[in-house]
Amino acid sequence: MENQQNNPAGLVRTEKIRVVQAEAPLRLRCGKHLGPIDVAYETYGQLSPEKDNVILICHALSGNAHVAGYNSPDDRKPGWWDVMVGPGKPIDTERYFVICSNVLGGCSGTTGPSEINPATGKPYGLDFPIITIEDMVNVQKRLLEALEIDHLLAVVGGSMGGMQVLQWAVTYPDVVDAALCIASTTRLNAQSIAFDAVGRNAILNDPNFHSGQYHDCTGPNRGLAIARMIGHITYLSELSMRNKFGRQLRTAKEYQYEFNSEFAVETYLDYQGQTFIERFDANSYLYITKAMDYFDLIREYGTLRLAFTTCRCRFLVASFSSDWLFTPAQSEEIVEALAAEGKDVTYCNIESSYGHDAFLLEAEKLGALIGGFLNSTLLRIRTGRRVVAEHKNGPNKFKMLERAKRARVDYELIDSLIEPGSRVLDLGCGDGELLARLIEDKHILGEGIEIDEDMVIHCTRRGLSVIHRDIERGLEMYPNDTFDYAVLSQTIQTLRDPQKVL
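Following our numbering, the numbering of the sequence shown begins with 131 at its first residue and continues without gaps.
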């Protein structure tokens, strides 16, 4: 309770609003119609008079609208992303008006299979139509319209939330200023679909499933618990499980030679399954995982480049080194397509041992990326400035001695050689000082490539567009004539194979 009293987000109330009327149902991607549709949502902070500070947060598979703070004085835990959302936090509710809603098909207030079907007077169950990520986003758009909001400073989401972010960017390009896609993908790979399928089969084959009409009796708790156990394993990494559990036995010192849970990791998964069935609906699990399986921008548009052609927003893409569910390679595929299309994209692969769950746990590094990216986006909109003054405090502070050691006498020469308004790629951009100078002095369109994670974060906080990448992997993602200048000063000497880059 002490932590709740000190929580800056405080108490927040979940609201519900009807966004689709029964007489004018929403046409879904599957071809069926659904109405009425109610949406549960929460808001944080104050809407600016210009309505230019709105951030929509999209939750993952098992999330809900309660992203931060507490709903009740009796709550034991705050919202699912409380480390990121609140006064003074990366998504600062003293600056931004934050909205988070439960997705279509969910079980936390928004219309889904556990809600009453007006045609029968009973819960929809399996009569609920199949939904897609696109349908979820269209319902979120209806929510904004109901709240009289026609523009978003940013859409932010991790995992399935990142899928929604990408869908927003391609479906409503004129609505979004910035898209922050974290630990996500443009389509699930076969392995991820397989895990979803096993989880669904555990539910469907539970004898208490009753064809989805289990609300007046014991539900498919065992099947849902197993589905959660399987899913939760994919959210972790082998290293994090080794560090947390190893082969430790829960209580006994010796093997018991029985089939009860003995290992610490077994009892942990038992706990995850049990707590999940207390807050989630099995039918929603079926529908939401199927929506994730169907999400495929390449199938929809032919190529990722074609999918992103009409996008007008800035992009921040973040991945985590140990995430084997939505891998860094999948994020890099997004980044390379955006870069090839000439979009404004920043990317960072954060070193972490937490696996996929890192997007909920790596608060410091991810928070610095998100906070810096949002701050620079709002600054651009309100002032037109594209470079943020360097932070004098915080994790990216550089001591005067360090700054002196890194002083670059070649900057003035490079500045003099580059024409105003040019397109410049800085290979090995470091802290972004050259890019910042050229943007300020020559009004260039500049991007950087940088191998050092901390430098990428620093550049992001300065408002610069930088891709976290080893340039010796090649730069094939950029078509010919993308840039007028490529700067390799003091980088070329460090390359093992300069010819490959040149």
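Ideal placement from N, C-alpha and C gives every residue a C-beta, glycine not left out. Every value quoted in this text rests on a predicted model; they were computed, and no experiment measured them.
Short Cβ contact (8 Å threshold) for residue i with residue j
i: Gly357; j: Ala332; result: Checking the displayed sequence, the identity of residue 357 turns out to be Ala instead of Gly. Yes.
i: Thr250; j: His196; result: no
i: Ile187; j: Val267; result: no
i: Leu508; j: Leu296; result: no
i: Gly199; j: Leu277; result: no
i: Leu565; j: Ile548; result: no
i: Ala313; j: Asp453; result: yes
i: Ser367; j: Tyr484; result: yes
i: Ser451; j: Ile544; result: no
i: Ala299; j: Gly349; result: no
i: Phe503; j: Thr590; result: yes
i: Gln321; j: Met359; result: no
i: Tyr365; j: Leu455; result: yes
i: Thr316; j: Leu434; result: yes
i: Ala467; j: Phe425; result: no
i: Tyr417; j: Phe258; result: yes
i: Leu194; j: Gly236; result: Rather than Leu, the amino acid found at residue 194 in this sequence is Asn. Yes, Cβ-Cβ distance for Asn194 and Gly236 is below 8 Å.
Three-state secondary structure (DSSP) of residue i
i: Phe375; result: coil
i: Asp600; result: coil
i: Pro208; result: coil
i: Ser370; result: helix
i: Asp582; result: coil
i: His163; result: strand
i: Tyr361; result: In the sequence on display, residue 361 carries Gly and not Tyr. Residue state, collapsed to three classes: helix.
i: Asp222; result: strand
i: Ser452; result: coil
i: Phe82; result: The first residue shown for the chain is 131 and the last is 632, placing residue 82 beyond what the model contains.
i: Asp545; result: helix
i: Tyr424; result: helix
i: Glu577; result: strand
i: Leu446; result: strand
i: Asn390; result: coil
i: Asp571; result: helix
i: Ile635; result: Any question about residue 635 goes unanswered here, given that the chain covers just 131 to 632.
i: Cys237; result: coil
i: Asp487; result: helix
i: Glu494; result: helix
i: Pro253; result: strand
i: Ala616; result: strand
i: Arg78; result: With the chain covering only 131 through 632, there is no way to say anything about residue 78.
i: Glu145; result: strand
C-alpha distance - residue i paired with residue j, whole-angstrom precision
i: Ala152; j: His163; result: 10 Å
i: Leu369; j: Ala324; result: 23 Å
i: Cys160; j: Glu245; result: 20 Å
i: Val328; j: Lys420; result: 12 Å
i: Lys146; j: Glu602; result: 52 Å
i: Ala498; j: Asp336; result: 44 Å
i: Arg148; j: Asp168; result: 4 Å
i: Asn108; j: Tyr431; result: This structure gives no information on residue 108, because the portion of the chain shown stretches from 131 to 632.
i: Gly353; j: Phe339; result: 8 Å
i: Ile260; j: Tyr385; result: 46 Å
i: Pro166; j: Thr262; result: 17 Å
i: Ile407; j: Arg330; result: 14 Å
i: Met131; j: Val184; result: Reliability of the predicted coordinates at Met131 is poor, the pLDDT of 38 falling under 50, and the value obtained from them is presented with this limitation in mind. Approximately 30 Å, taken between the alpha carbons.
i: Ala309; j: Ser192; result: 21 Å
i: Ser546; j: Phe613; result: 17 Å
i: Leu605; j: Lys219; result: 35 Å
i: Glu442; j: Gly472; result: The amino acid at residue 442 is misidentified as Glu; the sequence shows Arg. Whole-angstrom Cα-Cα distance: 10 Å.
i: Arg372; j: Gly361; result: 18 Å
i: Asp540; j: Ala616; result: 15 Å
i: Pro179; j: Ile221; result: 19 Å
Assumed close pair residue i, residue j - CB separation to whole angstroms, cut-off 8 Å
i: Ser482; j: Gly593; result: That pair is no contact at about 25 Å.
i: Tyr608; j: Ala469; result: 6 Å
i: Gly242; j: Ser414; result: 5 Å
i: Asn232; j: Gly239; result: 5 Å
i: His189; j: Gly255; result: Not quite, the Cβ-Cβ distance comes to about 23 Å (not below 8 Å), so this is no contact.
i: Asp182; j: Ile500; result: Their Cβ separation, rounded to whole angstroms, is 18 Å, which puts Asp182 and Ile500 out of contact at 8 Å.
i: Arg444; j: Asp474; result: 5 Å
i: Thr301; j: Glu264; result: 7 Å
i: Val447; j: Tyr477; result: 5 Å
i: Leu634; j: Asp423; result: The first residue shown for the chain is 131 and the last is 632, placing residue 634 beyond what the model contains.
i: Glu392; j: Leu379; result: 6 Å
i: Arg272; j: Val465; result: Not quite, the Cβ-Cβ distance comes to about 31 Å (not below 8 Å), so this is no contact.
Below-8 Å beta-carbon distance, residue i vs any chain B residue
i: His340; result: No chain B is present in this structure, which holds just one protein chain.
heavy atom of the ligand FAD below 7 Å from residue i C-beta
i: Ala616; result: For the ligand FAD, the structure offers nothing, since it holds no ligand at all.
Is the region 205-219 in contact with the region 299-306, if contact means three or more CB pairs nearer than 8 Å?
-> no
Using 8 Å as the Cβ pair cut-off and three pairs as the minimum, do the region 543-555 and the region 567-585 touch?
-> yes
Do the region 595-605 and the region 575-585 make contact, defined as three or more Cβ pairs closer than 8 Å?
-> yes
Examine the Cβ distances between the region 221-232 and the region 162-182 and report whether three or more of them are shorter than 8 Å.
-> Yes, they touch.
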